[in-house]
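Reading through the structure tokens given below for one structure.
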Amino acid sequence: MFGPSHPAPQQPLPVPTQAIPPGTANRLAIVLFSGTVDKLMSASILATGAAAMGMDVEIFLTNWGALAFRKGDYKTNTRVSADYADYHSTLLERMAAKKVTSWMENLEDAREIGNVHIAACSHTMTLFDLQLSDLEPIVDEVIGVAAFMERARDSAMTLFI
Amino acid sequence: MAATYQIDKTVDAKGQTCPMPVVMLAKAIKDLKPGQVLAVYATDPGAKKDIPAWANKTGNTLLETVEEPGLLTFYIKKA
């Protein structure tokens, strides 16, 4: 099967020395990397659905995801994933015509009905010279990746959006 | 044919897209006492599966789902 340049591994893969706890906490963790409306919408619906189902929600805002939470930015954000640039106007028109709830409203709803915690990535904040006070009040705090991992490691599921 | 329930609160989620029917339901149920009945009206096709899943996960009782053309009605008893 494998050519000489791809020999089968001679040694078994190392076994982790420390047991990893199973993902049994009733919590959805989301790494929200994207700042386009299509993906923010998707993330917000998943978060809201989880909150309605009684799950805790932990959202970690990195890069464009953090920038999308700058104060007031959501009101004028009409970005759509570049992969689907040809759907840009169609998506925005459909969302308006069907009176779809905005992603920010979804997150506010999620917070109202459940236990939702939103944290911004300190690396991104430093990169863009942002303070917590520059972000929408729905963002609770600024944390590093280790703090997020601590909260994500036993979550029932973790999504990267 | 829907059974007759003493309805204590109604939620009109007609025309609302996912996840709003479940969100409105989750908000409204907070105002009820155990044993009281909530009626939810929805048109989102996802609600047909979402609301039973919500009831199952949250421990509330879905008494009945009534399907009419273009309208779903759910009767939920608070646990």
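Chains R and G, in that order, give the protein sequences.
For the first sequence, the residue numbers in this note's numbering are 3 to 163.
For the second sequence, the residue numbers in this note's numbering are 53 to 131.
Cβ atoms here follow ideal geometry from the backbone N, Cα and C, with glycine treated the same way.
Fair warning: this is a prediction, and the values are worked out from it, not measured in the lab.
Contact test: residue i Cβ vs the ligand ZN heavy atom, cutoff 6 Å
i: R/Ala49; result: The ligand ZN is not part of this structure, which contains no ligands at all.
Beta carbon of residue i nearer than 7 Å to that of residue j
i: R/Gly116; j: G/Lys109; result: no
i: G/Ile81; j: G/Lys130; result: yes
i: R/Val59; j: R/Ala68; result: no
i: R/Leu30; j: R/Ala52; result: yes
i: G/Thr62; j: G/Ala107; result: no
i: R/Ile120; j: R/Ile61; result: yes
i: R/Cys123; j: R/Thr80; result: no
i: G/Gly87; j: G/Cys70; result: no
i: R/Ala70; j: R/Gly37; result: yes
i: R/Ile163; j: R/Ala54; result: no
i: R/Ala76; j: R/Met43; result: Note that residue 76 of chain R is Tyr in the sequence shown, not Ala. In this structure, R/Met43 does not lie closer than 7 Å to R/Tyr76 by Cβ.
Beta-carbon proximity list for residue i, same chain, < 6 Å, skipping 5 on both sides
i: G/Pro104; result: Leu114
i: R/Ile93; result: Going by the sequence as given, residue 93 of chain R is Leu instead of Ile. Result list for R/Leu93: Val82, in chain order.
i: R/Phe150; result: Phe62
i: G/Asp102; result: Val74
i: R/Asp40; result: Val82 and Ser83
i: R/Leu134; result: Val144
i: R/Thr126; result: Thr64, Asn65 and Ala68
i: G/Pro121; result: none
i: G/Asp64; result: Tyr93
i: R/Lys100; result: none
Cβ shell of residue i (< 8 Å), same chain only, five flanking positions each side left out
i: G/Lys66; result: Tyr93, Ala94, Thr95 and Leu123
i: G/Lys100; result: Thr117, Glu119 and Leu124
i: R/Asp136; result: Arg72 and Lys73
i: R/Ala27; result: Asp58, Asp156, Ser157 and Ala158
i: R/Ala98; result: none
i: R/Glu95; result: none
i: R/Phe130; result: Ala68 and Leu69
Beta-carbon proximity list for residue i, same chain, < 7 Å, skipping 5 on both sides
i: R/Ile47; result: Asn108
i: G/Tyr17; result: Nothing about residue 17 of chain G can be reported from this structure: the residues present for chain G run from 53 to 131 only.
i: R/Ala112; result: Ala49, Thr50, Ala53, Val59 and Val118
i: R/Glu110; result: Ile140
i: R/Tyr89; result: Val82
i: G/Leu84; result: Asp60, Lys61, Leu90 and Lys130
i: R/Trp66; result: Phe35, Ser36 and Gly37
i: G/Asn112; result: Ile81, Ile128, Lys129, Lys130 and Ala131
i: R/Arg153; result: Ala31 and Glu60
i: G/Lys79; result: none
Cross-strand partners of residue i (DSSP beta bridge)
i: G/Phe126; result: G/Val92 and G/Thr117
i: R/Leu161; result: R/Ile32
i: G/Asp83; result: DSSP, once it has assigned bridges, lists no residue as partnering G/Asp83.
i: G/Thr62; result: G/Ala91
i: R/Ala27; result: R/Ser157
Minimum Cβ-Cβ distance from residue i to chain B less than 7 Å
i: R/Asp111; result: Within the model displayed, chain B is absent; protein chains R and G are what it includes.
(request) Spell out a yes or no on whether the segment 156–163 of chain R and the segment 71–78 of chain G are touching, meaning 3 or more CB-CB pairs, one atom from each, closer than 8 Å. (result) no
(message) What ranges does the alpha helix (DSSP H) occupy inside the segment 33–86 of chain R, keeping only unbroken runs of at least 4 residues that lie completely in it?
(response) Complete alpha helix (DSSP H) runs here, min 4: 39–54, 66–69 and 75–78.
(request) Examine the Cβ distances between the segment 77–89 of chain R and the segment 137–151 of chain R and report whether three or more of them are shorter than 8 Å. (result) no
(message) Restricting to runs no shorter than 3 residues, where is the beta strand (DSSP E) found entirely within the segment 107–144 of chain R?
(response) The segment 107–144 of chain R contains these whole beta strand (DSSP E) runs: 118–123.
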